[in-house]
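Down below is the structure, laid out as structure tokens.
2 protein chains.
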Amino acid sequence: MNEYEVIKKFFYPLSSKKLSLNLDDDAGLLPSKNQIVVATDSIVEGDHFQKNEENPSLIAKKLIRANLSDMSSMGAIPFGYTLNLSIPKKLKKKKKVNWIKSFTKGLKQDQIKYKIKLLGGDTVVTNGSLILSITLFGYKKKGVVRRSKAKINDDIYVTGNIGDSGIGYKILLKKLSLNSTLNSFYIKQHKLPNPPVEFGKKLIFFANSATDISDGLLADLNNIILSSKCGAKIYIKNIPFSKQTKKLIILKKINISYLLTCGEDYQLIFTAKKKDRKKINYFAKRNLIKVVKIGNIIKKKKLIVLDKDNKEIIFNNLGFQHF
Amino acid sequence: MNEYEVIKKFFYPLSSKKLSLNLDDDAGLLPSKNQIVVATDSIVEGDHFQKNEENPSLIAKKLIRANLSDMSSMGAIPFGYTLNLSIPKKLKKKKKVNWIKSFTKGLKQDQIKYKIKLLGGDTVVTNGSLILSITLFGYKKKGVVRRSKAKINDDIYVTGNIGDSGIGYKILLKKLSLNSTLNSFYIKQHKLPNPPVEFGKKLIFFANSATDISDGLLADLNNIILSSKCGAKIYIKNIPFSKQTKKLIILKKINISYLLTCGEDYQLIFTAKKKDRKKINYFAKRNLIKVVKIGNIIKKKKLIVLDKDNKEIIFNNLGFQHF
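Residue numbers (my numbering), protein chains in the order written: chain A, 1 to 323; chain B, 1001 to 1323.
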């Protein structure tokens, strides 16, 4: 199978025929009716997904979902993406085609789930670690939600549960082992994040500021307060953990500072005025997701984390460091 | 230097403040006045650029230029890009900052040369080969030039010279060695391609079809005729080679089939009606580039290459195979 055949067989069915120009050109088009929001994200083998992952459809889904998470935090409506795919050079021809088949199957399932289409892309092969990127496009509604617009006294909210993905990562690295049910629960949280995309589309109706939790809850909240030139006070007792994780904390199998800094939760952290509490609960219920208030924006330019006795906890490290 | 400082110091000066939202958010915006053309391309360490390249500004320029080449072949006007950067994990902190400093210097120089701005991006570190991607955005003028619209009897044109980049690649791989002047001439052609971006913006006024020469002249021409459901007849004697390469051919240091299939020329191949010859020459002169006619589009669905005695040459391989 040559490149032309691979594109026709596996990628053409994923494409927006009109915008991708049938994937038959050096570039594609974007629709011109609305202003467009663009986000891009890369994932790396060994960091964001397992080395020699046997199920490439999971890589595809993680790639799409990590990007949707960025787009969600802006309150935009995703509609399409371009793909920069790298595939392992070492695979023999037939295995390479099977790899692409599984990968594109994952893309297809998530395209349907999230209502997006492929607009174009580029493929390379590599001897080294795979690095895959997506550039995702969304329509802007009346505005976008910025990271820098948190207001003093805003409530701070988090969606979903924090830390499950990070525990899964520890298990994959064999730095933690639980029973097989728990192992698979956490590994699934790591491999297949579930960003609250539909809820994200509603952010524009109530959020003053937002970002997604990819580097770790503390690091991402810190980005909000740095950009917004304010501070935050949050309470450990309010941070949403899954019931499985609550047990691990009690059993001292995992420590809270890891959960707040491990990242890759792909949940949202946002701030909103007190008067919007009802609206937020309404949208949370309608989208069947957990949204909890974890603290407040304060004037003092500092990130304050309080334990169950309201004592401040000091962190040496707020989260994932890129450099 | 943490991520926040690196972005502020090295990337913020490259950005469109308005569209990138000061690089302070999870996504950026695209302008809404024209329809937008989008192209994306990835380059891999060891293939598109040298392993452990000591001058990262060259990597930046190759990345930008490979993408501009795609955009040019559509006849669009590039204005901005998002960047997916991977940097070597193995570099110590200070060297990493120097790497980024040199890389962003290269970006800056090419941003000025080609009138484009940074709109957003994502950075990862990797232990393996670097893979870098750009997604480039351009305005569509009255239309775009498609690969699939070649017409029977069209003239086939090529810009610039063919094969110099491929010779440079052979030299870097130590599969060929010439004198030091020639070595540096060819290596420069490989490391620093020079796509005819300004001329590309004019394609819309005369080209029926176009693509850029990245996989090899024959492979890319073959893409045009496959998409356009026609054939092509080209003459070796008309293919543009640099004077240095002409000498190497005579001395039998390099063979022509390599030159036509090695790829990474980042020149344009396009087809146009006979009546547009004057117009094409006018734009070629105005943009100070070489544009030569190498053959014609024919009805028979075949790529025919004729030698100096008008005998057909058979190629086993048309160019770079992605899979």
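Note that beta-carbon positions come from the ideal geometry of N, C-alpha and C, so glycine has one too.
Rounded separation between residue i and residue j - CA only
| i | j | result |
| --- | --- | --- |
| A:Tyr235 | A:Lys311 | 10 Å |
| B:Ile1187 | B:Leu1178 | 11 Å |
| A:Lys170 | A:Leu176 | 6 Å |
| B:Gly1163 | B:Gly1263 | 7 Å |
| B:Asn1222 | A:Lys149 | 52 Å |
| B:Tyr1114 | A:Phe241 | 50 Å |
| A:Gln189 | B:Pro1031 | 37 Å |
| A:Val305 | A:Lys246 | 18 Å |
| A:Asn67 | B:Asp1154 | 43 Å |
| B:Lys1243 | B:Phe1185 | 12 Å |
| A:Ile64 | A:Asp70 | 10 Å |
| B:Ala1210 | B:Leu1268 | 7 Å |
| B:Lys1062 | B:Gly1216 | 17 Å |
| B:Leu1226 | B:Phe1205 | 23 Å |
| A:Ile297 | A:Ala219 | 15 Å |
| B:Leu1130 | B:Ser1086 | 6 Å |
| B:Lys1191 | B:Ile1043 | 12 Å |
| B:Leu1029 | B:Ala1060 | 23 Å |
| A:Lys300 | A:Ile156 | 15 Å |
Residue i classed as buried or exposed, judged by whether at least 16 other C-beta atoms fall within 10 angstroms
| i | result |
| --- | --- |
| B:Gly1121 | buried |
| B:Gln1250 | Inspection of the sequence shows that residue 1250 of chain B is occupied by Ile rather than by Gln. The residue in question, B:Ile1250, is exposed, as its Cβ has fewer than 16 Cβ neighbours within 10 Å. |
| B:Pro1078 | buried |
| B:Gly1143 | exposed |
| A:Leu173 | exposed |
| B:Pro1196 | buried |
| A:Asp265 | buried |
| A:Ile112 | exposed |
| B:Lys1252 | exposed |
| A:Leu21 | buried |
| A:Pro13 | exposed |
| B:Asp1212 | buried |
| A:Asp110 | buried |
| B:Leu1288 | exposed |
| B:Asp1026 | buried |
| B:Thr1181 | exposed |
For residue i, the nearest candidate out of the options (CA to CA)
| i | options | result |
| --- | --- | --- |
| A:Lys229 | B:Gly1080, B:Ile1156, B:Asp1024 and B:Ala1207 | B:Asp1024 |
| A:Gly160 | A:Ser86, A:Lys51 and A:Lys285 | A:Lys285 |
| B:Glu1053 | B:Val1037, B:Leu1091, B:Thr1040 and B:Ala1076 | B:Leu1091 |
| B:Lys1151 | B:Asn1127, B:Gly1231, B:Gln1189 and B:Phe1103 | B:Gly1231 |
| B:Gly1128 | A:Lys233, A:Asp47, A:Ile224 and A:Gln109 | A:Asp47 |
| A:Asp307 | A:Thr211, A:Lys141 and A:Lys237 | A:Lys237 |
| B:Phe1010 | B:Leu1130, B:Leu1083, B:Thr1104 and B:Phe1049 | B:Thr1104 |
| A:Leu19 | A:Ile116, A:Ser57, A:Leu85 and A:Gly106 | A:Ile116 |
| A:Thr135 | A:Gln111, A:Thr82 and A:Ser165 | A:Thr82 |
| B:Thr1233 | B:Leu1303, B:Leu1260 and B:Val1044 | Contrary to the premise, residue 1233 of chain B reads as Lys rather than Thr in this sequence. The residue with the shortest Cα to Cα distance from B:Lys1233 is B:Leu1303. |
| B:Val1292 | B:Lys1299, B:Lys1274 and B:Ile1254 | B:Lys1274 |
| A:Phe270 | A:Asn208, A:Phe283 and A:Ala219 | A:Asn208 |
| B:Val1158 | B:Ile1224, B:Ala1027, B:Gly1028 and B:Pro1088 | B:Ile1224 |
| B:Leu1107 | B:Arg1277, B:Ser1072, B:Ser1133 and B:Lys1051 | B:Ser1133 |
| B:Lys1123 | B:Pro1088, B:Gly1138, B:Pro1056 and B:Tyr1139 | The identity of residue 1123 of chain B in the sequence shown is Thr, whereas the question assumes Lys. Ranking B:Pro1088, B:Gly1138, B:Pro1056 and B:Tyr1139 by Cα distance to B:Thr1123 puts B:Pro1088 first. |
| A:Asn98 | A:Asn55, A:Asp309 and A:Ile167 | A:Asn55 |
Residue i in three-state terms, based on DSSP
| i | result |
| --- | --- |
| A:Phe205 | helix |
| A:Ser16 | coil |
| A:Phe315 | coil |
| B:Ser969 | Because chain B here runs from 1001 to 1323, residue 969 of chain B falls outside it and cannot be looked at. |
| B:Tyr1114 | helix |
| B:Glu1053 | coil |
| A:Tyr4 | helix |
| B:Ala1076 | coil |
| B:Glu1198 | helix |
| B:Lys1105 | helix |
| B:Gln1189 | helix |
| B:Ile1256 | helix |
| A:Gly168 | helix |
| B:Leu1058 | helix |
| B:Ala1272 | strand |
| A:Ile152 | coil |
| B:Gln1267 | strand |
| B:Leu1030 | strand |
| B:Asn1287 | coil |
| B:Asp1122 | strand |
| A:Ser177 | coil |
Within 8 Å, do at least three Cβ pairs link the stretch 181-201 of chain A to the stretch 64-84 of chain A? The answer is yes - the stretch 181-201 of chain A touches the stretch 64-84 of chain A, with three or more Cβ pairs under 8 Å.
Count the C-beta pairs between the stretch 33-49 of chain A and the stretch 3-19 of chain A that are closer than 8 Å, then say yes if the count reaches three, no if not. Judged by Cβ distances under 8 Å, the stretch 33-49 of chain A makes no contact with the stretch 3-19 of chain A, as fewer than three pairs qualify.
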